[in-house]
Amino acid sequence: MGNFFTKYILLIAYALDTSVSYAATKSFFKNLLLNDSFKYKKYFDYAMMTIVFLTVGIYLYDIKNQSNLVLDEIEILAILIFIVEYLLRFWVHSDIHKTIILHFEEWNEMLIKPQWKALFWNIAKDKLMFMLHPMSIVDLLSIHPELRPLRLFKIFRYSEITRSLFSTLSTKKYEFEVLFILIAMTVFIASSLFYVFEVKNPDVKTYFDAIYWSVITIATVGYGDIVPTALESKVASIFLVFAGLGVLAMLTSLVTTTLGQEISAIREQKSHQHIESLKEFILICGFGKMGEELAYKLASAQMTFVVMDVNKDRINRARELGFKAFLADATDADTLKTLDVATRAKAVICLTKSDTVNISIILAVRALSSSVKIISKFNEAKNEQKMLFAGANETIGLKQGAAVLAEFLNSPISYQAIYKLISDSKHVLVEEIYIKNIKNEFLLSALNHKHFGILILGIVKADGRFLFNPKGETKVQNNDMLIVVGRPRRIEGFRFKLLKEFEDV
């Protein structure tokens with residue numbers, strides 16, 4: 001081809017490649033047709049499914065009724081829509097201009113003449129891959145008015161669930177191939193035997209009749225239109241029925257297992273989408289006893305949180321309680337990226353039973369963000385410094401519990417001030433004082449704790465509620481636990497006064 005033609009093709013290719021409007025238009029239609037996460041995709045799918053059902057319904061109506069002008073016009077409009085859809089799918093399947101540019105750049109680097117045949121073949125091959133795809137063939141054939149029932153197969157294109165189902169079934173390709181070979185061998189052997197033994201049977205005229213009988217028998221349907229007459233055929237029928245039951249059991253097991261996996265995957269995907277809509281949340285990693293208690297505290301405080309755990313039973317438990325939860329590994333950086341923890345997580349709480357796992361979570365979160373607040377539970381005191389070194393902002397021991405942690409999330413400034421006071425002074429301790437055997441309930445102000453120079457950080461009530469920084473009018477009852485901060489000698493003096501004046505000794 002001449003230089004003018006070559007330059008003309010290249011000019012068009014580069015013009016399309018650099019055109020912002022062309023790229024935006026093609027991207028829009030590509031997302032509309034192929035991208036399930038595109039916001040307008042579901043509306044397009046609903047509209048197309050409506051057209052499919054409407055036109056198929058018109059076709060069924062026309063079989064026994066006289067067509068009218070309105071229905072004909074609807075069919076013409078539908079045909080035009082399907083033609084446009086097919087052409088758009090053909091267009092967005094591949095970028096011809098990019099293929100042209102890529103080949104010309106390679107030819108220039110290798111200093112060879114343009115290989116037009118190779119170029120045209122690559123372009124044609126890409127488009128043929130689209131045209132020969134089963135769904136593309138259905139799209140093309142269903143345009144014809146007399147082939148309207150084929151349009152029902154287009155539903156598989158517009159339904160995300162059916163697409164996901166077929167995608168999942170394709171992962172079981174080997175199993176289905178083995179099952180198909182087994183069924184084919186069974187049908188072939190049974191049909192051959194039946195055809196030989198029933199040579200005098202007037203109902204068995206062709207080999208296809210024997211195949212028909214085999215399939216009906218394997219399916220355990222038994223219409224009775226073809227009945228074995230020879231003893232050998234009857235014996236073969238018995239074995240074939242049992243073989244059919246086995247094949248059906250295998251097929252049912254394979255399909256139900258695949259469907260169960262797909263339903264679980266869809267449920268997880270929906271939960272992810274629900275979580276992705278949250279602007280801000282607290283991430284609880286680990287839903288053990290402390291994680292569940294913390295979730296209750298945060299829920300009562302109307303704080304948004306998400307539960308993550310690798311244990312399926314715990315995730316199901318969290319969902320049964322009405323919490324947002326999904327099955328995932330919090331140590332996986334990709335999972336944290338999917339949730340956009342770096343920008344949307346208000347805090348990450350590590351509450352697994354393994355300090356090693358908690359440290360791994362801290363490292364994974366810190367790799368994504370240096371500003372996200374991380375609070376981690378340490379199961380062994382020796383691992384507390386390791387967590388702080390890994391990047392945790394705060395650590396909490398088993399004794400402190402979820403109630404204190406919940407209050408920290410609600411009042412971080414107050415909690416941090418107290419924590420700093422304790423950590424900076426070796427002479428200040430946090431102690432737990434159990435209230436037992438008191439004569440009558442009393443007000444907290446009656447303890448006169450300020451006289452001893454101690455601070456009552458909170459009260460853990462007998463029913464599990466935690467009252468942070470309680471006021472003087474708070475009632476103290478049997479089986480309550482006071483969490484106090486102060487010097488050791490003053491705490492002992494306060495404990496002695498409590499024992500002497502309030503408890504029945």
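Residues 1 to 505 in the working numbering are what the sequence shown lists, from first letter to last. Built from N, CA and C at the ideal position, the CB exists for glycine as well. Just so we're clear, the structure is a prediction, and the values are computed from it rather than from any experiment.
(1) For residue 129, count the other beta carbons within 10 Å of its own beta carbon; 16 or more makes it buried, fewer makes it exposed. Which is it?
(2) Going by alpha carbons, who is nearest to residue 358 out of 112, 286 and 343?
(3) Compare the Cα-Cα distances from residue 225 to each of 231, 241 and 202 and report the closest residue.
(4) Could you give the residue range of the beta strand (DSSP E) that holds residue 485?
(5) Going by CA-CA distance only, name the one from 467, 477, 446 and 463 that's closest to residue 494.
(6) Which residues share a DSSP beta bridge with residue 430?
(7) Can we say the segment 314-324 touches the segment 338-356, given the rule of at least three CB pairs closer than 8 Å?
(8) Give the secondary structure of residue 303 by DSSP, where H, G and I count as helix, E and B as strand, and everything else as coil.
(9) From what residue to what residue does the alpha helix (DSSP H) around residue 28 run?
(10) Evaluate residue 486 with the Cβ neighbour count: other Cβ atoms within 10 Å of its Cβ, from every protein chain shown; 16 or more gives buried, anything less gives exposed.
(11) Who are the Cβ neighbours of residue 132 in its own chain at under 7 Å, not counting the five residues just before and after it?
(12) Tell me, please, which residues DSSP counts as bridged to residue 309.
(13) How about the segment 85-98 and the segment 60-70: do they share at least three Cβ pairs that are nearer than 8 Å?
(14) Select from 57, 56, 439 and 31 the residue whose C-alpha is nearest the C-alpha of residue 45.
(15) By Cβ distance, which residues of its chain are closer than 7 Å to residue 223, with the 5 residues on each side in sequence left out?
(16) Would you call residue 377 buried or exposed, if buried means 16 or more other Cβ atoms sit within 10 Å of its Cβ?
(17) Give a yes or no on whether the C-beta atoms belonging to residue 8 and residue 16 are separated by under 8 Å.
(18) By the three-class DSSP mapping on this structure, what secondary structure does residue 455 have?
(19) For residue 467, write down the residues that DSSP places opposite it in a beta bridge.
(20) Can you confirm whether the segment 54-64 touches the segment 141-153 when touching is taken to mean that 3 or more C-beta pairs between the two stretches lie within less than 8 Å?
(21) The beta strand (DSSP E) with residue 337 in it runs from where to where?
(22) Which first and last residues belong to the alpha helix (DSSP H) in which residue 102 is found?
(23) Does the beta-carbon distance from residue 341 to residue 369 come in below 8 Å?
(24) Taking Cβ to Cβ, would you say residue 284 is nearer than 8 Å to residue 250?
(25) Answer yes or no: do residue 306 and residue 333 have a C-beta to C-beta separation smaller than 8 Å?
(26) Locate the alpha helix (DSSP H) running through residue 88, then write down its first and last residues.
(27) Buried or exposed: residue 228, going by 16 or more other Cβ atoms within 10 Å of its Cβ?
(28) Over what stretch of residues does the beta strand (DSSP E) that includes residue 284 continue unbroken?
(29) Could you have a look at residue 416 and say whether DSSP puts it in helix, strand or coil?
(30) Please work out which residues of its chain come closer than 6 Å, Cβ to Cβ, to residue 499, disregarding the five sequence neighbours upstream and downstream, and give them in chain order.
(31) Here's a check: name, in chain order, each residue in its chain whose Cβ is nearer than 6 Å to the Cβ of residue 511, leaving out the five neighbours to either side.
(32) Measuring CB atoms only, is the segment 26-42 touching the segment 103-115, in the sense that at least three cross pairs come out at less than 8 Å?
(33) Could you pull out every residue in the same chain whose Cβ sits closer than 6 Å to the Cβ of residue 492, ignoring the five residues on either side in sequence?
(34) Which residue marks the beginning of the beta strand (DSSP E) containing residue 395, and which one marks its end?
(35) Are residue 483 and residue 444 touching if we call contact CB-CB under 8 Å?
(36) Less than 8 Å between the CB atoms is what I'm expecting for residue 235 and residue 183, so what's the real figure, rounded?
So, from the data block:
(1) exposed
(2) 286
(3) 202
(4) 481-486
(5) 446
(6) 485
(7) no
(8) coil
(9) 20-34
(10) buried
(11) none
(12) 327
(13) no
(14) 31
(15) 216
(16) buried
(17) no
(18) strand
(19) 459
(20) yes
(21) That residue, residue 337, is in no beta strand (DSSP E); its alpha helix (DSSP H) goes 333-338.
(22) 96-110
(23) yes
(24) no
(25) no
(26) 69-92
(27) buried
(28) 281-285
(29) Summary for residue 416: the model assigns pLDDT 48, below 50, so the residue's position carries little reliability, and this model does not support an answer.
(30) none
(31) Since the first residue shown for the chain is 1 and the last is 505, residue 511 is missing from the structure and cannot be characterised.
(32) no
(33) none
(34) 394-397
(35) no
(36) In fact, because the Cβ distance is near 21 Å, the residues do not count as touching under 8 Å.
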